[in-house]
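Residue numbers (the working numbering): 200 to 386.
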Amino acid sequence: LCVEDQIDIEDEKTLKELAKLPQYYNQLKNFKYNNLVSYQEKIELQLFDLPVPIIGYIDFNFEDVVVDLKTVQIMPKKPSNAHCRQMAIYSLMYPNKQMELFYMSPRECKIFSLSNDTLDYYKKEIETIVFKIQKFLSRSNDKNILAKNIQIMINGSGQNLWLTKQKKYGGFNAISIRKHNKYLESH
Numbered sequence: 200l201c202v203e204d205q206i207d208i209e210d211e212k213t214l215k216e217l218a219k220l221p222q223y224y225n226q227l228k229n230f231k232y233n234n235l236v237s238y239q240e241k242i243e244l245q246l247f248d249l250p251v252p253i254i255g256y257i258d259f260n261f262e263d264v265v266v267d268l269k270t271v272q273i274m275p276k277k278p279s280n281a282h283c284r285q286m287a288i289y290s291l292m293y294p295n296k297q298m299e300l301f302y303m304s305p306r307e308c309k310i311f312s313l314s315n316d317t318l319d320y321y322k323k324e325i326e327t328i329v330f331k332i333q334k335f336l337s338r339s340n341d342k343n344i345l346a347k348n349i350q351i352m353i354n355g356s357g358q359n360l361w362l363t364k365q366k367k368y369g370g371f372n373a374i375s376i377r378k379h380n381k382y383l384e385s386h
């Protein structure tokens, strides 16, 4: 598979990461959840009349909590905005479950539980992003014209929207790069 996809598994970075796998494995003793319902569960949401679905894979879906496992080299003080948006999307599928990010570095782990206020904030941000995507896609039905306009969107957006090409749908995947984490809770 790696040869077919021309992925170099012998590069220095990959070898360093492979060497740390036993340390990550040792951190799994802190992953204490019960009543697993599913893992790597595919979800597909159609939001706000967006012409393409949002597709995601929930790492661990337990009876009362959805957990996404994040491996990092250095433990962050708070979860990234992208990870919070990801959990907000999962909460749309499972609104009655707690959403948790389980960050694991080679030396430690940390669980971030996202409050309903935090999830609501990121749901609104997702809605804004979706409307920006719709506005962008409404410019043309020609994917080549849209692709040429990506750079204009990035440079002219005041860095509120970052677009990357998404192969599966020939559309675009939007990621907001605004920063806001005032509602996050850590334990």
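Beta carbons: idealized from backbone N, C-alpha and C, even for Gly.
For the beta strand (DSSP E) that residue i lies in, which residues bound it at each end?
{"i": "Ser312", "result": "308–313"}
{"i": "Leu300", "result": "297–303"}
{"i": "Gln239", "result": "235–244"}
{"i": "Tyr293", "result": "Where Tyr293 is concerned, there is no enclosing beta strand (DSSP E), given that its DSSP letter is neither H nor E."}
If you compare alpha carbons, which of the options is closest to residue i?
{"i": "Gln226", "options": "Phe261, Phe247, Cys308, Leu249", "result": "Cys308"}
{"i": "Asn295", "options": "Glu324, Glu326, Asp263", "result": "Asp263"}
{"i": "Glu243", "options": "Tyr289, Pro275, Asn229", "result": "Tyr289"}
{"i": "Asn186", "options": "Asn260, Glu211, Ile253, Asp316", "result": "With the chain covering 200 to 386 only, the question about residue 186 has no answer from this structure."}
{"i": "Asn280", "options": "Lys347, Tyr321, Ser339", "result": "Tyr321"}
{"i": "Lys231", "options": "Cys283, Val271, Val265", "result": "Val265"}
{"i": "Ala287", "options": "Lys323, Glu211, Met303, Tyr302", "result": "Lys323"}
{"i": "His282", "options": "Phe301, Tyr293, Gln297", "result": "Phe301"}
{"i": "Gln272", "options": "Ala218, Leu235, Lys347, Ser339", "result": "Ala218"}
{"i": "Met274", "options": "Lys212, Met303, Asn340", "result": "Met303"}
{"i": "Ile253", "options": "Ile328, Asn315, Phe335, Ala346", "result": "Ile328"}
Go ahead and pull the three-state DSSP assignment for residue i.
{"i": "Lys323", "result": "helix"}
{"i": "Lys277", "result": "coil"}
{"i": "Lys231", "result": "coil"}
{"i": "Asp316", "result": "helix"}
{"i": "Asn340", "result": "coil"}
{"i": "Gln272", "result": "coil"}
{"i": "Glu209", "result": "coil"}
{"i": "Leu214", "result": "helix"}
Using 8 angstroms for Cβ pairs, my map puts residue i next to residue j. What's the rounded Cβ distance?
{"i": "Asp258", "j": "Tyr238", "result": "6 angstroms"}
{"i": "Gln222", "j": "Pro305", "result": "4 angstroms"}
{"i": "Leu249", "j": "Ile332", "result": "6 angstroms"}
{"i": "Pro278", "j": "Phe330", "result": "So it is not a contact: roughly 24 angstroms between Cβ atoms."}
{"i": "Phe247", "j": "Glu326", "result": "6 angstroms"}
{"i": "Lys241", "j": "Tyr256", "result": "6 angstroms"}
From the DSSP secondary-structure annotation, give me the bridge partner or partners of residue i.
{"i": "Asp267", "result": "Leu300"}
{"i": "Asn260", "result": "Ser237, Val265"}
{"i": "Ile253", "result": "Leu244"}
What residue does the alpha helix (DSSP H) around residue i start on, and which one ends it?
{"i": "Gln226", "result": "220–226"}
Are the C-beta atoms of residue i and some chain D residue less than 8 angstroms apart?
{"i": "Tyr238", "result": "Structure shown: chain D not included; a single protein chain is present."}
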